[in-house]
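Going by the numbering used here, the first residue of the sequence shown is number 11, and it counts up by one from there. Every residue, glycine too, gets a C-beta built ideally from N, C-alpha and C. These figures come from a predicted structure and were not determined experimentally. Here the structure comes first, spelled out in structure tokens, and everything after it is commentary.
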Amino acid sequence: GTEGARTGRCKRPQWDSRLQLAPDQVNYKKNEEVMLSCPEGFQPPFTHLKCSSEVQSSGGKPVYRELWTGRNSRGAWVRIRSGVECTEVLQVDHETFEISSTSIKLKWTCRFPDACQGMRAMCRLAAPSSPLCEAEEVNAEQMLHGQEGIFTCSPLQPFTEYSVTIDLPPNTTLFSWLFTTQETVPDKPEQLWLDPDRGSLRWSAPPSCNGEIIGYQLSITARNAGDSSVLETERLRLEGSVTEHRLPGHSPGSSYAVMLQGLTAAGAGAALTREFHSNSNSPHPQAISCRGARDIAPSQGTAVLPLRPIARGSEAAREHQLIVAATHNASLIESICSGQARLSNTSAYLAALLNLSAATDFVLGDGSRGQGLHNAALSPGRDYTALLRLVRLGPQAEKFTCVCYSFSLGKCLLAPGAQVSLLPAPFCRPGSFSGNKPAQGRCSGILPYFGLHRCSLYFEAICGGWPLDILRTLG
11 GTEGARTGRC KRPQWDSRLQ LAPDQVNYKK NEEVMLSCPE GFQPPFTHLK
61 CSSEVQSSGG KPVYRELWTG RNSRGAWVRI RSGVECTEVL QVDHETFEIS
111 STSIKLKWTC RFPDACQGMR AMCRLAAPSS PLCEAEEVNA EQMLHGQEGI
161 FTCSPLQPFT EYSVTIDLPP NTTLFSWLFT TQETVPDKPE QLWLDPDRGS
211 LRWSAPPSCN GEIIGYQLSI TARNAGDSSV LETERLRLEG SVTEHRLPGH
261 SPGSSYAVML QGLTAAGAGA ALTREFHSNS NSPHPQAISC RGARDIAPSQ
311 GTAVLPLRPI ARGSEAAREH QLIVAATHNA SLIESICSGQ ARLSNTSAYL
361 AALLNLSAAT DFVLGDGSRG QGLHNAALSP GRDYTALLRL VRLGPQAEKF
411 TCVCYSFSLG KCLLAPGAQV SLLPAPFCRP GSFSGNKPAQ GRCSGILPYF
461 GLHRCSLYFE AICGGWPLDI LRTLG
């Protein structure tokens, strides 16, 4: 106060409680130097203080006020106008941490470069790894130079705890932090089997080395030996504590193609695939064998599908989808049925939405379905598969049931040495089959002939007669 200043004394400053003064006294004499320090890892802006005073005029009278001065880095004594605090020597901004599944990065700044000589950063495993998740010890050690920089610790294991420390010699710790690397997708499950007594699939939970197992994705595609044109795919999202799922009821001889994936916060891991049969004594289902179509008319680009509703009982009013794909590829057909392959406007498309409650004959390709649904004419010379699909969607499960119909919209081919007779113009138009041409109101052409009954149907649709009625063999 003023009394102390007038008598040449200063009271102990009431600054940061962490400040350490030497000598540590209640009062200090004028011009007495005081050493100032902070706990380890902290630094004051001045290391030397001096008690001083000044005279100010108040109402024409001199007023004595005490003050403190500090010696700066150039050795000059400057007035301390505000409080003095202990400041961290090293600043590491927690908001700039970059943590991935394989590395840790942190940005550091030294506020007092003279105090950071010999600073060293180290990265270590925080605890021994478990026998199931063996993590190698990392030997990341780096001398830090300058006023700022980035320390990187890598390569690291996912979902593993590491400690990062920054020290000053001989034994001052400036920074210490525990980090857990981010999760990544889990490894492929190792065990999946069918429990015939319980009629369920069972599996072993994979170790949580890459992350906590929060669930499973289970896909089951069922086929029946009695009718291999029917496909049924069920996709489920199960909790991480679940290791068993009861199979849907099917007749003896059913087969199940199963795909199991573990889930962590990072996503789904590699899939384990297996195929099981419900009864080894029953014949196993063969490859997908679709039902046929009838009244195939290449000239019109149409075919008739004898559809039967998939839904039964309370589901009878459910909407059925009719999907057309220009392929006979079984894998692609299964992918379309299960909703994994995206529909387009060319190779695979939605032809109609049908509320089937009874058997009906559907004319595919007649363009009768509007409202943006694509039931355009089919193209001659192409293979087609039509899928009648019923979709049931729930919050944790998706179920797709399909019946497939397969046919080809090809042209009739004649055997070498056979030719098409001249036909009345109304029965055979130019462009109906390869090689034909108009000739005085008639058309003719030469094609190989396979002699198939289906080919006879095609030929009748194109040219208006059976091959045996309009072909004659040469030579």
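A straight-line Cα-Cα distance of about 25 Å links L366 and Q310. Contiguous beta strand (DSSP E) elements confined to the region 141-228 occur at 150-153, 158-163, 171-178, 182-190, 202-205, 210-213, taking only those with 3 or more residues. Setting aside the 5 residues that flank it on each side, P72 is surrounded in the same chain by V65, Q66, each with a C-beta closer than 8 Å to its C-beta; the list follows chain order. Here M129 is buried, its C-beta having at least 16 other C-beta atoms within 10 Å.
When secondary structure is reduced to three states using DSSP, T106 falls in the helix class. T356 and L419 have their C-alpha atoms roughly 16 Å apart. Its chain contains E171, Y172, S173, L188 as the residues whose beta carbon lies nearer than 7 Å to that of A136, once the 5 sequence neighbours on both sides are disregarded; these appear in chain order.
By DSSP's assignment, I114 forms a beta bridge with I109, C163. Under the DSSP assignment, A267 falls in the beta strand (DSSP E) whose first and last residues are 265-274.
Look at A368 here: in three-state DSSP terms it is coil, with no helix or strand label.
Residue burial is scored here from C-beta neighbours: N385 has at least 16 other C-beta atoms within 10 angstroms and is therefore classed as buried. Shown here, S418 sits in a strand according to DSSP, grouped into three states. Across the structure, G272 and Y226 are spaced so that their CA atoms are roughly 5 Å apart. Between the alpha carbons of D305 and T312 lies a gap of roughly 8 Å. Spanning the alpha carbons of C20 and V44 requires a straight line of approximately 11 Å. A Cβ-Cβ contact shorter than 7 Å links P199 with W213. Of all alpha-carbon atoms in G69, S238, V268, the one lying nearest the alpha-carbon of L257 is that of V268. Counting every other CB atom within 10 Å of its CB across the protein chains shown gives E76 a total of 16 or more, marking it as buried. Only residues of its own chain outside the window of five on either side were considered, and among them none has a CB closer than 7 Å to the CB of N339. Per DSSP, the continuous alpha helix (DSSP H) segment holding C347 begins and ends at 340-347. DSSP, reduced to helix, strand and coil, places D124 within a helical segment of the structure shown. N220 counts as buried, since no fewer than 16 other beta carbons sit within 10 angstroms of its beta carbon. The count of Cβ pairs closer than 8 Å, one atom from the region 116-131 and one from the region 140-158, reaches three, so the stretches are in contact. By the criterion of a C-beta distance shorter than 7 Å, R81 is surrounded in its chain by F56, H58, W87, once the five residues flanking it on both sides are discounted. Per the coordinates, the alpha-carbon of S299 lies some 18 Å from the alpha-carbon of L332. If you check the CB distance, Q24 and S47 do not come in under 7 Å. Inter-residue distance for E144 and E193 is about 16 Å (C-alpha atoms, whole angstroms). Here S345 is not near T243, since their CB atoms are 7 Å or more apart. The DSSP assignment places 19-21, 30-32, 37-39, 43-47, 58-68, 71-81, 87-89 as complete runs of the beta strand (DSSP E) inside the region 17-92, in order along the chain (cut-off: 3 residues). Non-local beta-carbon contacts of T190 in its own chain, meaning distances under 6 Å to residues more than five positions away in sequence, involve E171 in chain order.
T411 is positioned such that its CB atom lies no closer than 7 Å to that of L397. When DSSP states are grouped into helix, strand and coil, C300 belongs to the coil group.
Just so you know, the alpha carbons of E249 and L142 end up roughly 22 Å apart.
When DSSP states are grouped into helix, strand and coil, I306 belongs to the strand group. Per DSSP, the unbroken beta strand (DSSP E) holding D393 starts and ends at 392-403.
Here DSSP, grouped into helix, strand and coil, assigns I333 to strand.
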